[in-house]
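Sequential numbering from 12 applies to the sequence shown in the numbering used here.
Glycine residues also receive a C-beta, built at the ideal position from the N, C-alpha and C atoms.
Because the structure is a prediction, the values reported are computed rather than measured.
Since the structure comes first, as structure tokens, the remarks are kept for the end.
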Amino acid sequence: MNDTALAHPDSPLARRPAAVTTAFVALVAAVGCGIVETAVRGARTAGDIADIGALTAGWLLRTAIYLVVLGIAWRMLRGERWARNLLTVGIGVLGTASLVVEPVRMLAAAGTGVFTDMSAATAFLALTRAGHICAVFVAIPAMYTPSARAWFRPGHGAGRAG
Numbered sequence: 012m013n014d015t016a017l018a019h020p021d022s023p024l025a026r027r028p029a030a031v032t033t034a035f036v037a038l039v040a041a042v043g044c045g046i047v048e049t050a051v052r053g054a055r056t057a058g059d060i061a062d063i064g065a066l067t068a069g070w071l072l073r074t075a076i077y078l079v080v081l082g083i084a085w086r087m088l089r090g091e092r093w094a095r096n097l098l099t100v101g102i103g104v105l106g107t108a109s110l111v112v113e114p115v116r117m118l119a120a121a122g123t124g125v126f127t128d129m130s131a132a133t134a135f136l137a138l139t140r141a142g143h144i145c146a147v148f149v150a151i152p153a154m155y156t157p158s159a160r161a162w163f164r165p166g167h168g169a170g171r172a173g
């Protein structure tokens, strides 16, 4: 039996569903996009010495968030229901909202004129942000497929015997 197959749901030998692995990989991809975006934004402002404190604080905060998300995603991969629920609210709702607010504000302030002065770096950041959002939109639904829901039931996943 391969990793994507499921034993009988009541079996202690049940294997992790592919949807749960997909959700984990998508969450890692989302974190990767966040790291790339942070690095590019940091490189763009690195010449401004006045902002070095804000840059460092931002890096430290984002690093802490990314490490926490990866730790919780690891627990979700093992079948911990609380981790799935926390990721759903934290990444699926709050994280997505934080990714969407800035571009919506820019469009509201400048309208479609925001695209006329777009540099290559800004376009790359926009693509990275879109990749980040898409990864989240893959991860969250994957955690709620029928096979994934069975994985997160008590007695399965990390809580199963053996």
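| query | result |
| --- | --- |
| Boundaries (first-last residue) of the alpha helix (DSSP H) holding Tyr77 | 63-88 |
| When Ala119, Thr133, Leu138 are compared against Trp55, the one with the closest alpha-carbon | Looking at the sequence itself, residue 55 is Arg, so the reference to Trp does not match. If we check each option's Cα against that of Arg55, Thr133 comes out closest. |
| Pair within 7 Å by beta-carbon distance, Trp162 and Val80 | no |
| Helix, strand or coil at Ser109 [DSSP, three-state] | helix |
| Gly53 beta carbon less than 7 Å from that of His143 | no |
| Which of helix, strand or coil DSSP assigns to Tyr155 | coil |
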